[in-house]
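First the structure, in the form of structure tokens, and then the observations on it.
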Amino acid sequence: MLLAAGAGLPLYGDPTAPASLHVSDDYVRGSMVDAHTPNIVTTMIADYRGFDTLGETMVVFSAGLACMLLLRTPERGRIPTLGRPKGNVITDIVTRAMIPVIQLFALYVVFHGHYSPGGGFQGGALIATTILLARMVLGFEHSQALFPTALGTPLGLAGVAIYAGVGFVALLFGGNALDYSYLPLGLPKDMLRNWGILFVEIGVAFGVMGTLVSIFDDLLTGGRRA
Amino acid sequence: MIFVLFVVAIVAAVVALQVTDLLAAAALLSVFSFVVALLYGALGAVDVGFNEAVLGAGVTGVLLVVALFHTRRGSVD
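Order-wise, the sequence lines are chains Z and V.
Residue 1 is where the first sequence starts when you use our numbering, and the numbers rise one by one after that.
Residue 1001 is where the second sequence starts when you use our numbering, and the numbers rise one by one after that.
Structure representation (structure tokens):
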């Protein structure tokens, strides 16, 4: 039945497919004009459909909260073999060399989401993978200096708050919520939307980063501080 | 090229189901995510491919390995 249904779908990339007929044309044409952003995907998810992305960020954060409810059982305890420093010179040095490089690339991905594939989700997940790498190779206690466990969930909440806050600021200054052209920055309309996309992408990056690290820490330690 | 990627993805998924060592199954699911990320890139959706590579092959693989350290490593069924 799956094959029979799949045979009836329109060809991939067909400009006359029903999905490409109604608003997609406006999005494709208006991305550079409305928001001064060449990356149409970023404009679409952060500007035209920004409310959906706010919902998605809230879903990511509530998944972190659900994992917190499920996994923080103090009687489970730490896994003794994970989270200890491995003591292997090669992995230690390579990890210590790679983490700053990956984090720099992650910052590039977040801030260049307008021009290259990327944006908030990818950059935030990349920084979270560096922290996970440090947790696994350098040991749980030593990597607290890189990112303390207690900072995970508040940072995720701060990400959602930044996104919702940008929408609320737009509401305060007279426009619809999440209509970035009403932000009080004193720039022309399309540059205002450009900056609005950047602010919400930073919020999304914080949200994803905090939630992923908090899920990993809950899985590894079960909420115990020891 | 896309056909080869599809074949590799299906083979990785089937072997991940059949193998009894759960750590190998987690590694094969990471391989599956990586191949699907390449497929998304080949179809032109580079943003989605980037996300799939980072989250699927990276974070999900790591979370699966940590989760299976809580249980036994051999599969029961």
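For glycine and all other residues, C-beta sits at the position ideal for the given N, C-alpha and C.
Helix, strand or coil for residue i per DSSP?
i: Gly1074/V; result: strand
i: Asp227/Z; result: Lying before the first or after the last residue shown, residue 227/Z is absent from chain Z, which here runs from 1 to 226.
i: Asp14/Z; result: coil
Residue i to residue j, Cα distance in whole Å?
i: Thr91/Z; j: Gly222/Z; result: 26 Å
i: Phe1003/V; j: Val1036/V; result: 12 Å
i: Ala164/Z; j: Trp195/Z; result: 15 Å
i: Ile202/Z; j: Gln144/Z; result: 23 Å
i: Leu1039/V; j: Phe173/Z; result: 44 Å
i: Gly1044/V; j: Gln103/Z; result: 26 Å
i: Leu192/Z; j: Ser31/Z; result: 13 Å
i: Leu107/Z; j: Gly123/Z; result: 6 Å
i: Glu44/Z; j: Asp179/Z; result: In the sequence as displayed, the identity of residue 44/Z is Met instead of Glu. So the two alpha carbons sit approximately 13 Å from each other.
i: Thr53/Z; j: Gly186/Z; result: 26 Å
i: Phe1069/V; j: Thr16/Z; result: 50 Å
i: Gly139/Z; j: Tyr115/Z; result: 37 Å
i: Cys250/Z; j: Gly207/Z; result: Since the displayed chain Z opens at 1 and closes at 226, residue 250/Z lies outside it and no answer follows.
Counting C-beta neighbours from all protein chains within 10 Å, is the total for residue i 16 or more, i.e. buried, or is it exposed?
i: Asp217/Z; result: buried
i: Glu1052/V; result: buried
i: Asn88/Z; result: exposed
i: Ile197/Z; result: buried
i: Pro117/Z; result: buried
i: Val1018/V; result: At residue 1018/V the sequence reads Gln, which differs from the Val that was named. With fewer than 16 Cβ atoms within 10 Å of its Cβ, Gln1018/V is classed as exposed.
i: His142/Z; result: exposed
i: Ser181/Z; result: buried
i: Gly1074/V; result: exposed
i: Ile99/Z; result: buried
i: Thr1071/V; result: exposed
i: Phe51/Z; result: exposed
i: Thr129/Z; result: buried
Rounded to whole angstroms, how far is the Cβ of residue i from the Cβ of residue j, which I believe are closer than 8 Å?
i: Ala1026/V; j: Val1065/V; result: 5 Å
i: Gly1056/V; j: Ser1033/V; result: 3 Å
i: Thr57/Z; j: Val169/Z; result: Between Val169/Z and Thr57/Z the Cβ distance is about 17 Å, and since that is not below 8 Å, they are no contact.
Members of the segment 3–20 of chain Z that neighbour chain V once the beta carbon cut-off is set at 9 Å:
Tyr12 and Gly13
Can you list, in chain order, the residues of the segment 113–127 of chain Z whose Cβ is nearer than 8 Å to any Cβ on chain V?
Pro117, Gly118, Gly119, Phe121, Gln122, Ala125 and Leu126
Proximal residues, the segment 1051–1073 of chain V versus chain Z, C-beta separation under 8 Å:
Asn1051, Val1054, Leu1055, Gly1058, Val1059, Val1062, Leu1063, Val1066, Ala1067, Phe1069 and His1070
What residues in the segment 1006–1039 of chain V have a beta carbon less than 7 Å from any beta carbon of chain Z?
none
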